[in-house]
Amino acid sequence: MKKFRKVLDGLTTSSPGGTMGSPSCGSAAGTPTAAPTPKEIDVQETLVSENFQLCKTVRHGFPYQPTSLAFDPVQKILAIGSRSGGVRILGRPGVDCYCQHESGAAVLQLQFLINEGALVTACADDTLHLWNLRQRRPAVLHSLKFNRERITFCHLPFQSKWLYVGTERGNTHIVNIESFILSGYVIMWNKAIELSTKTHPGPVVHLSDSPKDEGKLLIGFEGGTIVQWDLRAKKADFRIYYDEAIHSVSWHHEGKQFMCSHSDGSLTLWTLRNTTKPFQVTFPHGKIQKDGRKESCKPILKVEYKTSRSSEPFVIFSGGLSYDKAGRRPALTIMHGKAITVLEMDYPIVEFMVLCETPYNNEVQDPYAVVVLLEKDLIVVDLTQSNFPVFENPYPMDIHESPVTCTAYFADCPPDIIPILYSIGAKNKKTGYSHKEWPIGGGTWTLGSHTYPEIIITGHADGSIKFWDASAFTLQMLYKLKTSKVFEKPKPGEGRAAELGEEDPFAVQMVSWCPHSRIFCVVGISAHIILYRFSKYDANTQIVSLEVRLQCEPEDIITPSENENNPCFSEPGSHSPQPHHQHPLSPGSRTPDGAKDSIPCLKVKDKMVRVPPGYQSDLVIQLLWVDGEPPQQITSLDLNSAYGLLAFGNCNGLAVVDYLQKTVILCISTLDLYGATDPYQRLTRSPRRNRQSTSEHCMRGLSNFYSDSKKRIRTSYQSLTELTDNQQSIDMERSKSPTSESRENSFSRSRSSSVSSIDRDTKEAITTLQFGESYGRKSDALPTPCLWVGTSLGVGILIPLSIPTDQEERMEDPVTVGPSGAVQMLKGSVLRFGFLDCNGALIQSPYEVWRDLNAPEDPDRPRRRKLVHFSPSSSQDAFGEGHLAIVCSERQAKVFLMPSQSCLFVHNITESSFVLRADVVSLCNSVCLACFCANGHVMTLSLPSLRPLMDVNYLPLTDMRIARTFCFTNEGQALYLSSPTEIQRITYSQEMCDNLQEMLGELFTPIETPEAQNRGFLKGFFGGNAHTFDREELFGEAAAGKASRSLAQHIPGQGGVEGMKVAASGAVGELARARIALDERGQRLGELEERTALMMTSAETFSKHAHELMLKCKDKKWYQF
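Put into structure tokens, the structure is as follows:
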């Protein structure tokens, strides 16, 4: 806790034009600047470095670029591997875990140690990893790196500790799972095939033990060779040579026959009685053509052959469709008896797996579902119903249904907003799902004690908005809004899409949401803004549209001397943007020279429309084309429900709209915002003289990066939407932009805003806006509504507003805008404003309490606006004490005292990089400034002293997607789009990190392994010696010797010790381990007792039958038999 005493300047007053804050008021971190005044300010700061720690919490969405799939039939958890080395493990809703291989190598195959709480991963760098899943944060226990051979296939028999590993050379190695050491037992390819064979059989593509005898290993080679290897005798029982390449093999549970899938689209069925030729060859999708030949078919990549007690066997496979049908979608085929069902998929099939009731491969399988992993989706098909419906997926796997273009994160929302959004959204849910419970129900998850309502909003390329319930580390979609319904569908060859090659004219750039008033605002790529109000009732409405001409168009060079004596807010003239309240020209209007002029990019529906309950459009604002130039992208937005105002800006200027009266109250160029207080001597030029200037030079420096990345989403948001995951720097991403020639060096260069002159063609963009109660001038005694404006040249401007207070007057009298009262300067583009009272408490923006405008009128209780204000003077003993204003730019943060405008503290955040995102957030009943830099650093600063509290190099390389979607929120949380399909949530709160273990789900729960079916005495006695196979005797070091050290290298993992520490940190872990040990011991004792009882019963039965046979035969003569 630290106390600050600061002498403030409260005696000076200024002219109405305001004064410019000196940029030299301090440069060291948190350096105070003294000013002679008798007043004192005491702020007790409670946040210290120990309150902060950065760590990942949970990842949502579909695993990007999936490669492999595995399922534990006892624990009922699912694992998905990805090309970037990630592994997602899913159980019941709430059980969702993400693991990452340090190498980043693609995960080729996954194998669960069934009901053991462990997972084996085989990666593309020829390394095997053993993951411990008995802890909330899985970790690697062992790794085994193959040096001379490439891994192609792995197989782990149920309840075995020996893993079979097939390689590209055709050899099969055996790994001890417990020690992760290679056995000396190796099945060499040249021993497996006949000596007379002249060609190499190819890589191993299949390994499985025979259901009939665990001592027999079936090896499938890619070239078409299948070998059953006798592990005891170390020789081949039989060899099959087939003409077509093999992709997969699947056993019948009795172990007497198996099925293969081939590259020509055929399925072959083989019996062990006759392995010289296939028992059956079928082309499921190959029809006989007119000339008698069969159609050529695509390869069947995988087949599963599963038996059922109550019906015919299931044969399920992917691929095998005929080549001749162009545009046919990928399909999964289910053959059940004579019925063939083809399930077409939206995306290519990566892998599928049939879920069965039993983990034993020698029992009737009874399949009940099939999990299908697609390139961009995960679906589960119900096999128990004849129409094969899909299960409703409880995980948020459709975040990327349309590419995500922006995100917003709100923690500690009003508690009633989530149920209301859910009730509205539930009415539009899809139907036709299976009525059965989601089959992947493993793990345990409980609602933690540190939970509060959280909402994530995602904006998408197709103009849709999704509201997600993000409470308690889960993610469930609440409500979906389609902004494109406000507009007419653009005709091919017309509109902005045709002019600029725009594929997504409705793409969402940014959103602004007030949870209290439930007013929602969307900024789109076509320079349009839609304001929505929430209603629980449907309505017939006419969409109100405003058109704004926000375009600088001076024909003559304006010199500083000509503008020097102009008033701060001149009348709209030749060099000010023009508002248009009506539709001056039709959407097809053009100027005499053929250029588009005074038309919007999109056409709003002009007829009455029926809108359902939920968010209903109240106002549409569109910027207009000017002389053939498209409107510039909107770079900043803010709305305030208490004021009834909406402000937005771009690189041309600023506009303020009264959305209650549906009028434009201010439309002004950035230059005119300053009037006589312009800190720069600049010359402006018309965009008509250089059309490239508005599109390529409208923003520079970083400002240019973050604001520009919003402003120019047309050319750069593809890096968000393209499904590529190259971890490139932002500079590299920017170099791909079509407009990169003039900006490629502007991203990383250092630029100070204290220069005395600027390039003639430089545009100053509005980068951030904030409504709030403040002091417009130094002489003000009471706070009034104000608009803070931040620009790309590091200037903060304060604009006072005069808003009628009476409700009736508010709807009739105009809102007036005063001249700018203060100008503050910082280094770099201004990113964020924040406000504290003189005790250091955060001042919230005023808001209007939500009221449903479509609700039936109550004559006794007329609807009136109810406003909630947070005045800076409310926490003071007397009026006029003022408040603190925090201004953060891409390089610097400053704290000012209002109304004196004295700079109290200044901190240079970074010299070598720049800030991408900054927010004033609440944490631990206090506030701080959180920043995310382009070099990947996440840092926090105390308020108001701006002391560094945390600085973590979190992301070594920041790409465009992360830079655009990173956002902070209260309670120490943040998120970003880690891939085109996944949202990564992180926390920078030490308290959250400490409680993380209890908030995450448990992957492993102690479950008794199902018992194997009784084989019966005679079947067990005469059924062979399948249960007498001892792998330890064959593969152990005593019998097989040691493997060559150069073949593979064992790498011990850190997860073992760490996992034990984590599990041992609480009594729960100890009790769980003790219970597991007791369960396992009791299970073994129970199995022993059952076997003993079974043997005694069988012996008594045998004795009884023998005695009866003896009595029957003892009096017979020998010739009577």
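Using my numbering, you'd call the opening residue of the sequence shown number 44 and step up by one each time.
Glycine included, every Cβ here is placed at the ideal spot set by N, Cα and C.
Backbone secondary structure at N436 - three-state DSSP: Looking at N436 - three-state DSSP - the assignment turns out to be coil, as it is neither helix nor strand.
With the cut-off set at 8 Å, would you say K419 and F105 are in Cβ contact? Yes. Within cutoff.
When you compare only the Cα positions, how much space is there between H1148 and M1138? Cα to Cα, the separation comes out at about 15 Å.
Cα-Cα separation between P655 and F577, rounded to whole angstroms: About 10 Å.
Per-residue DSSP class, three states only, for E855: The answer is helix: DSSP assigns E855 an H, G or I state.
What span of residues does the alpha helix (DSSP H) with Q659 cover, start to end? Segment G657 to L666 is the beta strand (DSSP E) holding Q659; no alpha helix (DSSP H) there.
Considering only the beta carbon of each residue, do C340 and S365 sit closer than 8 Å? Yes, the pair counts as a contact, with Cβ atoms nearer than the cut-off.
Beta strand (DSSP E) runs contained entirely in the segment 553-577, provided each spans 3 or more residues: The segment 553-577 contains these whole beta strand (DSSP E) runs: 562-567.
Compute the Euclidean distance between the alpha carbons of M1153 and T1135, then round it to the nearest angstrom. C-alpha separation (whole angstroms): 27 Å.
Residue of T859, D849, P889 and S943 minimising C-alpha distance to D823: Taking only the C-alpha atoms, the option nearest D823 is S943.
On a Cα-Cα basis, can you pick out the residue from G160, I157 and L173 that is closest to L150? One point to set straight first is that residue 150 is Val, not Leu, in the sequence displayed. Checking every option, the nearest Cα to that of V150 belongs to L173.
Can you give me the Cβ contacts of C456 inside the same chain, cut-off strictly under 6 Å, excluding the 5 residues immediately before and after it? Annotation for C456: P496, I498 and P558 place their beta carbon closer than 6 Å to its own, counting only its chain and skipping 5 residues before and after.
For the segment 1020-1029 and the segment 1040-1047, state whether three or more C-beta atom pairs, one from each stretch, are separated by less than 8 Å. Output reads no: the segment 1040-1047 does not touch the segment 1020-1029.
Whole-Å CB distance - V970 paired with V964, under 8 Å assumed: Between V970 and V964 a beta carbon distance of about 7 Å is seen, short of the 8 Å cut, so the two are scored as contacting.
Do I1029 and C98 have their C-beta atoms within less than 8 Å of each other? In this structure, the beta-carbon distance from I1029 to C98 falls below 8 Å.
Closest by CA to A167, which one among E159, G160, S146 and S306? Comparing Cα-Cα distances from A167 to each of E159, G160, S146 and S306, the minimum goes to S146.
Neighbourhood of G839 by C-beta distance below 6 Å, restricted to the same chain and skipping five residues each side: Beyond the five residues adjoining it in sequence on each side, G839 comes within less than 6 Å, by CB distance, of G833, Q867, V873 and V930 in the same chain, given in chain order.
On the DSSP bridge list, what partners appear for W205? W205 pairs with N219.
Would you list the residues sitting across from S127 in a DSSP beta bridge? The partner list for S127 (beta bridge, DSSP) is empty, contrary to what the question assumes.
Check this for me: beta carbons of G861 and G819, under 8 Å apart or not? Yes, Cβ-Cβ distance for G861 and G819 is below 8 Å.
Selected residue, minimal CA-CA separation from Q202, among G160, P722, E1133 and L187: Among G160, P722, E1133 and L187, the Cα nearest to that of Q202 is on G160.
From this set, S111, E924, L312 and G137, which residue's C-alpha is nearest G129's C-alpha? For G129, the closest C-alpha among the options S111, E924, L312 and G137 is that of S111.
Based on Cα-Cα distance, which residue from L947, S845, W205 and T489 lies nearest to C881? Looking only at L947, S845, W205 and T489, the smallest Cα-Cα distance to C881 is reached by L947.
Using 8 Å as the Cβ pair cut-off and three pairs as the minimum, do the segment 889-900 and the segment 579-586 touch? The answer is yes - the segment 579-586 touches the segment 889-900, with three or more Cβ pairs under 8 Å.
Tell me the residue span of the beta strand (DSSP E) that contains I343. It spans I343 to K349 - the beta strand (DSSP E) in which I343 sits, taken as one unbroken run.
Out of curiosity, what's the CA-to-CA distance linking K381 and F1072? Across the structure, K381 and F1072 are spaced so that their CA atoms are roughly 38 Å apart.
Within 8 Å, do at least three Cβ pairs link the segment 439-454 to the segment 1006-1020? Contact between the segment 1006-1020 and the segment 439-454 is present, because at least three Cβ pairs lie under 8 Å.
Which listed residue (Y403, H305 and F322) has its alpha carbon closest to that of L312: Shortest Cα-Cα distance from L312 to any of Y403, H305 and F322 involves F322.
If you count every other CB in all the chains shown that lies within 10 Å of the CB of H912, and 16 or more means buried, which is it? So H912 ends up on the exposed side.
Among residues of its own chain, excluding the 5 on either side of F189, which ones have a beta-carbon nearer than 6 Å to its beta-carbon? Excluding residues up to 5 positions away in sequence, D169 and A1091 lie with their Cβ nearer than 6 Å to the Cβ of F189 in the same chain.
By Cβ distance below 6 Å, which residues in the same chain neighbour M892 in space, the five residues on each side in sequence not counted? Sequence inspection shows Val at residue 892; the Met mentioned does not correspond to that position. These residues qualify, in order along the chain: K909.
Verify whether the separation of the beta carbon atoms of F227 and A1083 is less than 8 Å. First, the amino acid is wrong: residue 227 is Gly here, not Phe. Yes; because the gap between Cβ atoms is below 8 Å, this pair is in contact.
V393 to L416, Cα distance in whole Å? Roughly 6 Å separates the two Cα atoms.
Paired residues, beta bridge with W174 - DSSP: For W174, DSSP records a beta bridge to L162 and V183.
Three-state secondary structure (DSSP) at H305? H305 falls in the strand class under three-state DSSP.
Between the segment 107-124 and the segment 520-532, do at least 3 Cβ pairs fall closer than 8 Å? In short, these stretches do not touch, since the Cβ pair count stays below three.
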